[in-house]
Structure formats: C-alpha cells, structure tokens
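Enquirer:
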Amino acid sequence: MLDREGYRPNVGIILLNARNQVFWGKRLRTHSWQFPQGGIKYGESPEQAMFRELHEEVGLLPEHVQILARTRDWLRYNVPDHFIRKDARGHYKGQKQIWFLLRLMGRDSDMNLRATDHPEFDAWRWNEYWVPLDVVIEFKRDVYQMALTELARYLPRVNHHNRYLRGGMRHHGPRPREEHEMELPPRATLEPPPEQAA
1 MLDREGYRPN VGIILLNARN QVFWGKRLRT HSWQFPQGGI KYGESPEQAM
51 FRELHEEVGL LPEHVQILAR TRDWLRYNVP DHFIRKDARG HYKGQKQIWF
101 LLRLMGRDSD MNLRATDHPE FDAWRWNEYW VPLDVVIEFK RDVYQMALTE
151 LARYLPRVNH HNRYLRGGMR HHGPRPREEH EMELPPRATL EPPPEQAA
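Per UniProt numbering, the very first residue in the sequence shown carries number 1; after that it's consecutive.
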C-alpha cells in the first residue's frame, strides 16, 4: 500500500524501560541494529499497526506497555534503488512513519523474539536513549534522529534513589550491558535486502 508519492505507511517504536533506556534489536543474521518497525496494513490505524508490530517483533501485548507519545506527523526516508525490487522501482520511494514512544510496564521476560514464525531480530539489549546511529543502516539515520529528538521531551523522570546510605555512598557507575540472544539454526542462503517494496 503506497501513497500517491510512493511512500509506504509505516510505524516505528521506541520502547523504554524504567531507566529510560531503549530496546535495541539486532536484525536477523546481520550486524545492524534498529528499533522495531513495520508497515501499516489497509484499514489499520497507526496505533493498531504499532500494537501488531510490537507483538510480532518483540512479543509484547498492549497490557505490557504504556503509550507516552507519538510523532505529530509522518517522518519519511527514501530507500536506495539497490534495496528495491526491480518491478517496484519508479513507484516505490521509501517509508513514511509515525513513531511511538512506549514505556515497558511488564518485565524483560515478557519479551519474545520468536512470537511469530518470521522473527525480525535475533538479539536485543537495552541501550541509552541516544542510540549510536552509526550501527543503523545509513538511509534511516536522519529519521531516527528526528524521532528521538521530537519524542525526547516526553521522557518520564527517572526516580533516582538516595545516593547516600548509612554505610556510605552507593556506587552509581554504569552497569554492564546485557545482550539477549536468540539461538537460530545456521542458514547457508543469503537473506533478502532489509527493505523490500510492498
């Protein structure tokens, strides 16, 4: 489903934990990381598409999250020709996205990268809000920057516990980063390009 300008409607999801870190997923069998995202089907609202994609890609249900905000308007990116199927070139330009900022109300253990038979990610981790965009595929970086910037004003205040305890001062250094991996069988064939036209 493309609009008149050749953009496919899509949703992007920034999922926060209680420390305002974001869910960061590693695309299946690649070295690139990204936020959950996916197309809006005919007849779906952006919110309905967001909840469907959240379940398909991360395994979460509506009761596991709270919507904090969404972008005011569509954010667009163009897909380079070599990522577009030949039969769609000239018609399909890229994606236009509504981005949602969600807060995880459930637990890390509620997440399941194998909620469907076609997983998008094979590992995930929590990352600081301003994610390293150099690991995002180049043509999506500007949209990520715009979405993060627009939605940053809605970040909840994080409750910091009193640093001073009876026994002295509590150490508040960075915690080691934990990565959650999903085991998949090896596969000899190459995966299709990450963006395909509808």
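All C-beta atoms in this analysis are idealised placements derived from N, C-alpha and C, irrespective of residue type, glycine included. It should be emphasised that the depicted structure is a prediction, and the values quoted were computed from it without experimental measurement.
(1) Where does Pro176 fall in DSSP's three states?
(2) Apart from the five residues just before and just after Glu128, which ones in its own chain have a Cβ nearer than 7 Å to its Cβ?
(3) To test your reading of the DSSP string, which unbroken alpha helix (DSSP H) runs of 4 or more residues are found completely within the stretch 66-103?
(4) On the DSSP letters alone, give me the boundaries of the beta strand (DSSP E) that Arg125 sits inside.
(5) Considering Cα atoms alone, identify which of Tyr92, Tyr154, His31, Ala49 is closest to Gln37.
(6) In angstroms, rounded to a whole number, what distance separates the CA positions of Leu75 and Arg52?
(7) Helix, strand or coil, according to DSSP, for Val131 in the structure here?
(8) How would you label Tyr42, buried or exposed, when you count the other beta carbons within 10 angstroms and need 16 or more for buried?
(9) In angstroms with no decimal places, state the Cα-to-Cα distance between Leu2 and Tyr92.
(10) How do the stretch 83-97 and the stretch 8-18 stand: do at least 3 beta-carbon pairs fall below 8 Å, yes or no?
Expert: By the coordinates alone:
(1) Locating residue 176 in the sequence shown gives position 176, where the first residue counts as 1. With a pLDDT of 45 at Pro176, under the threshold of 50, the modelled position of this residue cannot be trusted; read the value that follows with caution. Pro176: coil per DSSP, three-state reduction.
(2) For the purposes of this step, residue 128 is taken as residue 128 along the sequence shown, with counting starting at 1. So the qualifying residues of the chain are Gln21.
(3) none
(4) Within the sequence shown, residue 125 is the residue found at index 125, counting from 1. That run of the beta strand (DSSP E) goes 121-127.
(5) Reading the sequence shown from its first residue, position 37 is the one you call residue 37. Minimum Cα distance to Gln37 is reached at Ala49.
(6) By one-based count along the sequence shown, residue 75 stands at place 75. By one-based count along the sequence shown, residue 52 stands at place 52. Cα to Cα, Leu75 sits roughly 20 Å from Arg52.
(7) Walking along the sequence shown from the start, residue 131 turns up at place 131. Here Val131 sits in coil by DSSP.
(8) Taking the sequence shown and counting its residues from 1, the one referred to as residue 42 is at position 42. Exposed, since its Cβ has fewer than 16 Cβ neighbours within 10 Å.
(9) On the sequence shown, residue 2 is found 2 positions in, with the first residue counted as 1. On the sequence shown, residue 92 is found 92 positions in, with the first residue counted as 1. Taking the straight line from one Cα to the other gives about 7 Å.
(10) yes
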